[in-house]
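Student: Structure in structure tokens, see below.
In the numbering used here, the protein residues as written are 3 to 676.
Laid out in structure tokens, this is it:
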């Protein structure tokens, strides 16, 4: 069905008005320095871990047992450290997100998840919420329904073991000796796992048993008869069974191995960790490793007033963000995302009909100041490559990432810095760095190259589902678009290898997997943009299959929505429409050459209909991915920047199409007159 010219004209006018409002709203959120930094939301596990960290830092014997300030119905004295006011606020923030079934989820509108529930129960109980409280009773029942404490993943069990609340021999070994292994072993783990494991191994090696309030335990969460240790697979041989046997050996090594080797490994880990604090807003600039770095510095003997401890604590505390719903609570951001937010916002604004050039100049100047010019972990596999790229956060010099670097290159296409020669040199370095980061399979990953030792996914502490950082279609698609927009020719060997990788990675239903956004809509939109930039015709069967996938899952309201549960099922699972995912679907259709379908126009109308008077959109779902099936993100400006980009792209194509049609009509009339 082809929309009439009258409908198309009215839609174009409405879209132009929506673009003006969205661009104006976005510009109002730009900082004076030129960047954007939208709050990044996650789940309650961060607030739960915060309370756990306070118990670590302020054990009961250093505090006063007193009646809790938070809950007058508590009948027994509770732990009352100096951070008690913040603990009470964390409790408020956690309880505000409890589900009707008593549990806690890991993405908005998702089901209860066992690890989030156990962490919440531990945090709430140790903070003084009595077990007799109806909210705790419902939470305990939900945990038991899902398998009890024994169903927790390795990191939850390890954290509880720090307080002697879970048997150490039922927790995975995390030995500091990993840093001594050959083949640059620690660099075969993903960058985020590396930072977590190195710091946590220091804590694990110390085998601390921090005290808990008198009489505190979690016995009510253990299910009778359920195993406390991971069970072997039934296969005669499997990597899982191999690593479980290795783990048993490591536990013997911990007790009987030469102490000088362990001490030497611990010193090596400490040196690595301390070196990686330099030039970064905390270790890895992400929540888990920043938390474990504080704990590691503690067991290494650094006093609370030591500059390293003070700085580590300061960076961690900056992640705290006040809730806006007047419940008195706060939430923790997993990290900051200014480079990412800024590059997307600048790219979206640059695609409008009248780009705000002065604002984009400030943005380009700020982005230039954030280029990373030192070697990081990535250089272990690319030692002869000149540094040049961007990290996700304000400062994270060891970990520039390919995705951010590609997004900055896209923003630089129209965001012109005050110093043009400096910008051109910067862009060249970034392009060369991205070329060097291409994997053997032709694709690109986030932080490393060929980080794909799949056997590592079977180690006992790898159940956070993020042990590796392999190539993925979404980043590869964005990289192809960025390189081609930066002047690289489609015939370049790296471009052709990237295209071939995407064609091999296409799913049977025509979609592409999205590693860093939820999920198949995200992957498909970026893969299509990369392939079309590389010159693939819209008539190619692969392109047409992708368009059919997108159109097949449009909701009745004209929008698109995909659930985080699609990662669990390995297939697309719908949810209510969201502005960000609708924008991705529209960008996919436009990239695939769909310029007039009913699906396209209905999607545009959905964005126009749901835009608020202030130019923004509402979105109450998680559409960002941290670790599939484990950790999800709500990028709070995706709901605004991607609809702006989709509408601007639509308008640019519509104007070009109408101009071409007008020129064709003029030529036809001239030919007829002659």
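Here a beta-carbon is modelled for each residue, glycine too, at the ideal position from N, C-alpha and C.
Note the first and the last residue of the continuous alpha helix (DSSP H) segment covering residue 195.
Tutor: Here residue 195 refers to the residue found at position 193 of the chain shown. From DSSP, the alpha helix (DSSP H) with residue 195 extends over 193-208.
Student: Smallest Cα separation from residue 416: which of 451, 148 and 355?
Tutor: One-based indexing of the chain shown puts residue 416 at position 414. Taking only the C-alpha atoms, the option nearest residue 416 is 355.
Student: So the beta strand (DSSP E) residue 323 belongs to, where does it begin and stop?
Tutor: Residue numbering aside, residue 323 sits at position 321 when the chain shown is read from its first letter. Taken as a continuous stretch (DSSP letters only), the beta strand (DSSP E) holding residue 323 covers 322-324.
Student: On a CA-only basis, which of 158, 14, 651 and 446 is nearest residue 353? Give me that one, please.
Tutor: Within the chain shown, the letter at position 351 stands for residue 353. Closest by alpha carbon: 651.
Student: Run the CB neighbour count on residue 70, radius 10 Å, all protein chains shown included, and call it buried at 16 or more, exposed below.
Tutor: Counted from its first residue, the chain shown places residue 70 at position 68. Confidence is the limiting factor: at residue 70 the pLDDT is only 47, short of 50, which leaves the residue's position unreliable and the question unanswerable from this model.
Student: Could you tell me which whole beta strand (DSSP E) segments of length 3 or greater appear in the segment 328-387?
Tutor: Fully enclosed beta strand (DSSP E) runs of 3 or longer: 332-334.
Student: In terms of residues, what are the limits of the alpha helix (DSSP H) holding residue 612?
Tutor: Here residue 612 corresponds to residue number 610 of the chain shown, with the count starting at 1. Unbroken alpha helix (DSSP H) run through residue 612: 600-612.
Student: Is the CB-CB distance between residue 114 and residue 97 below 7 Å?
Tutor: Counting from 1 along the chain shown, the entry for residue 114 is found at position 112. Counting from 1 along the chain shown, the entry for residue 97 is found at position 95. Their beta carbons are not under 7 Å apart, which means residue 114 does not touch residue 97 by this criterion.
Student: Would you call the segment 416-427 and the segment 202-210 in contact, with 3 or more CB pairs under 8 Å?
Tutor: No, because fewer than three Cβ pairs between the segment 416-427 and the segment 202-210 fall closer than 8 Å, the two stretches do not touch.
Student: Given a cut-off of 7 Å, decide if residue 396 and residue 340 are closer than it, judged by their beta-carbon atoms.
Tutor: Counting from one through the chain shown, the residue named residue 340 turns up at place 338. Counting from one through the chain shown, the residue named residue 396 turns up at place 394. For residue 340 and residue 396, yes; Cβs fall inside 7 Å.
Student: DSSP puts residue 631 in a beta bridge; with which residues?
Tutor: Along the chain shown, read from residue 1 onward, the residue named residue 631 stands at position 629. Its beta-bridge partners do not exist; DSSP assigns none.
Student: What residues are listed by DSSP as bridge partners for residue 637?
Tutor: Against the chain shown, residue 637 aligns to sequence position 635. Beta-bridge pairing links residue 637 to 42.
Student: Hey, would you say residue 624 sits closer than 7 Å to residue 57, going by beta carbons?
Tutor: Numbered from its first residue, the chain shown carries residue 624 at position 622. Numbered from its first residue, the chain shown carries residue 57 at position 55. No, these two residues do not count as a Cβ contact at 7 Å.
Student: With contact counted as at least three CB pairs below 8 Å, one residue from each stretch, are the segment 126-146 and the segment 155-164 in contact?
Tutor: They do not touch, by the three-pair rule.
Student: Leaving out five residues on either side along the sequence, give the residues of the same chain with a beta carbon under 7 Å from the beta carbon of residue 610.
Tutor: Position 608 of the chain shown, counted from the first residue, corresponds to residue 610. The answer, listed in chain order, is 16, 17 and 20.
Student: Specify the secondary structure class of residue 19 as computed by DSSP and reduced to three states.
Tutor: Here residue 19 refers to the residue found at position 17 when the chain shown is read from its first residue. Here residue 19 sits in helix by DSSP.
Student: Residues in the same chain with beta-carbon distance under 7 Å from residue 693, minus the five sequence neighbours each way, listed in chain order, please.
Tutor: Only positions 3 to 676 of the chain appear in the structure, and residue 693 is not among them; the question remains open.
Student: Consult DSSP for residue 286 and reduce its assignment to one of helix, strand or coil.
Tutor: Indexing the chain shown from 1 puts residue 286 at position 284. Note: residue 286 maps to helix in three-state DSSP.
Student: With DSSP collapsed to three states, give me the class of residue 222.
Tutor: By one-based count along the chain shown, residue 222 stands at place 220. Helix.
Student: How about residue 608 and residue 559: are their beta carbons less than 7 Å apart?
Tutor: Indexing the chain shown from 1 puts residue 608 at position 606. Indexing the chain shown from 1 puts residue 559 at position 557. The answer is yes: Cβ separation under 7 Å.
Student: What is the rounded straight-line gap between the Cα of residue 166 and the Cα of residue 257?
Tutor: In the chain shown, the residue the question calls residue 166 occupies position 164. In the chain shown, the residue the question calls residue 257 occupies position 255. If you take the alpha carbons of residue 166 and residue 257, they lie about 17 Å apart.
Student: Run through DSSP, which three-state label would residue 158 get?
Tutor: Here residue 158 is taken as the residue at index 156 of the chain shown, counted from 1. Helix.
Student: Note down, in chain order, each residue of its chain lying with its Cβ closer than 7 Å to the Cβ of residue 118, except the 5 sequence neighbours on either side.
Tutor: Residue mapping note: residue 118 aligns to position 116 of the chain shown, counting from 1. 45, 46, 47, 106, 107 and 108, listed in sequence order.
Student: Quick test of the definition: if touching needs 3 or more C-beta pairs under 8 Å, does the segment 553-572 touch the segment 592-604?
Tutor: Touching, per the Cβ criterion.
Student: Go ahead and label residue 280 buried or exposed: buried means 16 or more other beta carbons lie within 10 angstroms of its beta carbon, across all protein chains shown.
Tutor: Your numbering for residue 280 matches position 278 in the chain shown. By the 10 Å Cβ count, residue 280 comes out exposed.
Student: Decide if residue 497 is buried, meaning its Cβ has at least 16 other Cβ atoms within 10 Å, or exposed.
Tutor: As a first step, residue 497 is located in the chain shown; it is residue number 495 there, counting from the start. By the neighbour-count rule (16 or more Cβ atoms within 10 Å), residue 497 is buried.
Student: Between residue 578 and the rest of its own chain, which residues show a CB-CB distance below 6 Å, the 5 nearest in sequence each way excluded?
Tutor: For the purposes of this step, residue 578 is taken as the residue at position 576 of the chain shown. Correct list, in chain order: 563.
Student: Helix, strand or coil for residue 423, going by three-state DSSP, please let me know.
Tutor: Position 421 of the chain shown, counting from 1, holds the residue named residue 423. Of the three classes helix, strand and coil, the one that applies to residue 423 here is helix, per DSSP.
Student: Within a Cβ cutoff of 7 Å, which residues of the same chain sit near residue 122, ignoring the five residues on either side of it in sequence?
Tutor: Sequence index remark: in the chain shown, residue 122 carries index 120 (1-based). Closer than 7 Å at the Cβ level, and outside the excluded window around residue 122, lie 46, 50, 96, 106 and 141.
Student: In whole angstroms, what separates the C-alpha of residue 596 from that of residue 195?
Tutor: Along the chain shown, one-based indexing puts residue 596 at 594. Along the chain shown, one-based indexing puts residue 195 at 193. Taking the straight line from one Cα to the other gives about 41 Å.
Student: Going by C-alpha to C-alpha distance, which of 179, 251, 222 and 314 sits closest to residue 267?
Tutor: One-based indexing of the chain shown puts residue 267 at position 265. Comparing Cα positions, the closest option is 179.
Student: Which partner residues of residue 576 appear in the DSSP bridge assignment?
Tutor: On the chain shown, position 574 is the one that residue 576 refers to. Looking at the DSSP assignment, residue 576 forms a beta bridge with 564.
Student: Are residue 334 and residue 321 closer than 7 Å when you measure CB to CB?
Tutor: Position 332 of the chain shown holds residue 334. Position 319 of the chain shown holds residue 321. The answer is yes: Cβ separation under 7 Å.
Student: What are the boundary residues of the alpha helix (DSSP H) that includes residue 176?
Tutor: The sequence position of residue 176 within the chain shown is 174, counting from 1. Here residue 176 belongs to no alpha helix (DSSP H), and DSSP marks it neither H nor E.
Student: Taking DSSP's pairing of strands, which residues face residue 514 in a bridge?
Tutor: On the chain shown, position 512 is the one that residue 514 refers to. BP columns for residue 514 are empty, so no partner.
Student: Compare the C-alpha of residue 282 against each of 407, 197, 589 and 629 and name the closest.
Tutor: The residue labelled residue 282 in the question sits at position 280 within the chain shown. Cα-wise, what sits closest to residue 282 is 197.
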